[in-house]
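Okay, so here's the structure we're looking at.
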Amino acid sequence: MMSRTEEDFELELRSLPGVLNVGITKHANGDVNVVTLIANSKDPLATRSAANQIASLYYPEAAVVVEDANRALVDIQRGEGPRVALIRADYDTSDGFCEVQLSVDGRTGIGRAGSGPLIGGAEATLAALRDLGYDVPYSLMTVTNVTNGRDWPVIVTLRSLANEADRFGIARSEDDLISAVKATLDSLNRFLSTLESRA
Amino acid sequence: MSSKNGSMAESMRDESDDDSGSAAKLISIHAVDPGTGFGGEDYEPWLFQTMLNELSERELGVGFIYSILELFATRHSLTDVAVVLVNESFGTQMFRLGGEAVTPEMAAHLNASPGVYCEPDTVPSAECDAVRTACQLAMSLHLARFSAAHDPLTNIANRRSFDEALEVSAARSARYGWAFTLVLVDLNNFKAVNDKSGHEFGNHLLRQFGFALRQAVRQGDTAARIGGDEFAVILSNAEGHESSGFTERLKGHLVALGNPVEFTIGTATSPRDSTDPGELLRMADGRLYEKKGIRIS
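Chains A and B, in that order, are what the protein sequence lines are.
All residue numbers for the first sequence refer to the working numbering, where the first residue is 681 and numbers rise by one.
All residue numbers for the second sequence refer to the working numbering, where the first residue is 23 and numbers rise by one.
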């Protein structure tokens with residue numbers, strides 16, 4: 681039976697603009713682990729930020745994932761599989777390490793890597809995918825950020841371990857780390873959609 | 023009703039069959055016929071009994087929706103079930119068995135219309151209608167209860183529930199001697215912010231302030247918005263000096279949010295100052311105005 685606090689938590693999340701569904705997974709001890717929102721939001725970043733604020737008041741340790749219902753519809757039309765979603769990406773300036781947490785189908789994977797927010801972000805993303813059980817036969821070749829005066833697009837190049845074929849991904853975000861993570865995921869998008877995670 | 027359900031179910035099944043791999047498995051739909059009333063014509067004793075059981079323990083809410091879905095799935099040996107509701111304030115809302123996330127692929131299918139979606143499709147439509155209606159009722163009651171007690175802008179307690187909390191705290195303080203401190207918080211020059219930057223920006227700052235206030239209070243304390251730019255906090259088990267710790271925490275959270283708003287507080291402590299709620303409010307108000315350099319008669 682849900683407690684009144686859990687009920688109010690869910691109701692508050694559902695009150696956010698565009699949120700269609702809230703899924704909550706818990707650890708074995710009952711602590712909330714991952715909160716997944718399915719939203720038709722015009723501004724997913726704002727939705728995620730608001731959801732993070734609400735979660736921080738009720739369950740500070742919980743990770744929040746916002747899935748775009750509209751994008752899922754497009755994915756279905758393209759015949760693509762489940763989407764890997766970024767839960768969080770942190771960069772520790774003291775040791776130069778990045779930690780990236782990804783989620784797919786309610787499961788989460790974590791990867792860590794050094795070398796700053798760009799290379800570290802891309803390497804940590806590959807590590808997190810492997811932690812999720814994906815066999816990713818690619819190595820990181822280059823990570824480049826392009827300054828165009830408005831934002832910071834990052835281009836990631838991965839090289840196949842089998843045939844030296846390259847994959848490219850591009851993403852722009854609020855900072856280098858998030859851009860690097862999203863660009864890495866972008867480069868692997870179609871490849872991942874053809875794979876089943878082993879986990 | 024049955025023909026409508028049948029055709030929609032078939033249409034959903036056709037769509038789903040076209041999708042290979044991980045597409046949604048929830049393929050059947052029992053949409054609600056706007057012409058029918060509560061739960062169609064069929065009476066569902068198990069549902070009614072569940073509602074009575076829930077009401078004997080607590081009020082209907084989101085938790086009841088999940089209880090109903092679980093019982094419904096057990097009763098009909100369903101592997102999956104989801105209900106789609108439409109609420110005037112919240113728009114479309116989906117709930118899935120076990121509180122699990124509706125996957126985006128499912129959401130694309132479920133978006134069609136309110137109703138109960140089952141896997142496998144073996145449940146009489148009248149029972150699906152009754153389940154949907156019960157869930158709709160629980161959702162509406164929870165929302166009404168929440169809205170009646172909370173300020174819609176900041177999601178903290180409103181004046182009404184603050185007054186109730188103050189009455190309860192004062193009564194306990196008078197009876198058992200339990201101390202609490204009432205803190206009134208007034209934002210400085212907030213009207214000027216609204217006039218200069220517009221009400222939308224003002225509301226943004228108020229929302230942030232409400233969030234900072236929730237972060238700053240401890241579990242068991244009550245934070246409320248009692249006027250346009252006036253807030254109140256009941257610090258439980260506090261004899262006065264705790265208010266400085268609360269003020270520092272609040273300032274820290276505002277800085278972290280980048281919120282430039284400044285505020286003034288006035289406090290009154292029960293039972294030391296009084297155990298009468300009205301008197302406590304007057305004292306805290308007077309001290310607040312004193313700090314602002316405003317004399318009130």
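Just so you know, even glycine gets a beta-carbon here, dropped at the ideal spot from N, CA and C.
Beta carbon of residue i, beta carbon of residue j: below 8 angstroms?
i       : j       : result
N720(A) : M116(B) : no
N825(A) : S795(A) : no
I718(A) : E692(A) : no
L279(B) : L228(B) : no
N711(A) : E686(A) : It is worth fixing the name first, because residue 711(A) is Asp in this sequence and not Asn. Result no, Cβ atoms of D711(A) and E686(A) do not sit closer than 8 angstroms.
V205(B) : S292(B) : no
V823(A) : I799(A) : yes
E81(B)  : R167(B) : yes
G789(A) : L812(A) : yes
R847(A) : L868(A) : yes
A260(B) : F202(B) : yes
T297(B) : A192(B) : yes
V145(B) : H221(B) : no
V190(B) : E690(A) : no
Should residue i be flagged as near chain A, meaning a C-beta pair shorter than 8 angstroms?
i       : result
T114(B) : yes
E222(B) : no
A53(B)  : Any reading at A53(B) must be qualified, since the residue scores a pLDDT of 45, below 50, and its modelled position is unreliable; the value itself is stated next. Not an interface residue.
Y88(B)  : yes
P136(B) : no
N177(B) : yes
A278(B) : no
G267(B) : no
A95(B)  : no
R194(B) : no
F299(B) : In the sequence as displayed, the identity of residue 299(B) is Pro instead of Phe. No - not a single Cβ of chain A is within 8 angstroms of the one on P299(B).
L48(B)  : At L48(B), the pLDDT of 47 sits below 50, so the modelled position is not reliable; the number obtained from the coordinates is stated separately. Not one chain A Cβ lies under 8 angstroms of L48(B).
E110(B) : no
V84(B)  : yes
G121(B) : yes
R271(B) : no
A130(B) : yes
V124(B) : yes
R182(B) : no
R309(B) : no
R197(B) : no
Is residue i close to chain B? Criterion is C-beta to C-beta, closer than 8 angstroms.
i       : result
N701(A) : yes
T716(A) : yes
S695(A) : yes
M682(A) : yes
D688(A) : yes
I919(A) : It is not possible to answer for residue 919(A), since the shown part of chain A is limited to 681 through 879.
I756(A) : Its pLDDT being 41, under 50, I756(A) is placed unreliably in this model, and the value from its coordinates should be taken loosely. Yes, because at least one Cβ of chain B sits closer than 8 angstroms to the Cβ of I756(A).
L691(A) : yes
Spatial neighbours of residue i within its chain, please: C-beta separation below 6 angstroms, excluding the five flanking residues on both sides.
i       : result
M305(B) : A290 and D295
L188(B) : P299
V746(A) : L717, A719, P724, T727 and R728
I87(B)  : F117, C157 and A160
R309(B) : G288
K314(B) : T286
A129(B) : none
L91(B)  : V103 and L119
L276(B) : A234
D770(A) : E779
G791(A) : V780, A804, A807, A808 and D811
For residue i, which residues from the same chain have a beta carbon less than 7 angstroms from its beta carbon, with the 5 sequence-adjacent residues on both sides left out?
i       : result
M682(A) : none
N180(B) : A171, H172, D173, A246 and R247
L696(A) : T727, A730 and A731
E230(B) : Here the sequence assigns Gln to residue 230(B), which means Glu is not the residue at that position. Here the set comprises L279 and N281.
G242(B) : S258
H707(A) : N713
D307(B) : L206 and G288
N216(B) : G224
Given the structure, does residue i come close to the ligand NAD, in the sense that its CB is under 7 angstroms from one of the ligand's heavy atoms?
i       : result
A166(B) : Of ligands this structure carries none, so the ligand NAD is not represented either.
Can you pull out the residues from the segment 141-167 of chain B whose beta carbon lies closer than 8 angstroms to at least one beta carbon of chain A?
From the segment 141-167 of chain B, only H164 and L165 have a Cβ closer than 8 angstroms to chain A.
When Cβ atoms are compared, which residues of the segment 233-265 of chain B fall closer than 9 angstroms to chain A?
F233, R236 and Q237
Using a beta-carbon distance cut-off of less than 9 angstroms, what residues from the segment 734-751 of chain A approach chain B?
I734, S736, L737, V745, E747, D748, A749, N750 and R751
Would you call the segment 807-819 of chain A in contact with the segment 833-847 of chain A, where contact means no fewer than 3 C-beta pairs closer than 8 angstroms?
yes
Taking 8 angstroms as the cut-off, does the segment 230-241 of chain B touch the segment 268-280 of chain B (at least 3 CB pairs, one atom from each stretch)?
yes
Residues within the segment 208-220 of chain B neighbouring chain A, beta-carbon criterion of under 9 angstroms
none
The segment 144-155 of chain B / the segment 771-780 of chain A touching (three or more Cβ pairs under 8 angstroms)
Touching, no, given that fewer than three Cβ pairs across the two stretches are closer than 8 angstroms.
The segment 120-130 of chain B touching the segment 64-81 of chain B, judged by at least three CB pairs closer than 8 angstroms
Contact between the segment 120-130 of chain B and the segment 64-81 of chain B is absent, because fewer than three Cβ pairs lie under 8 angstroms.
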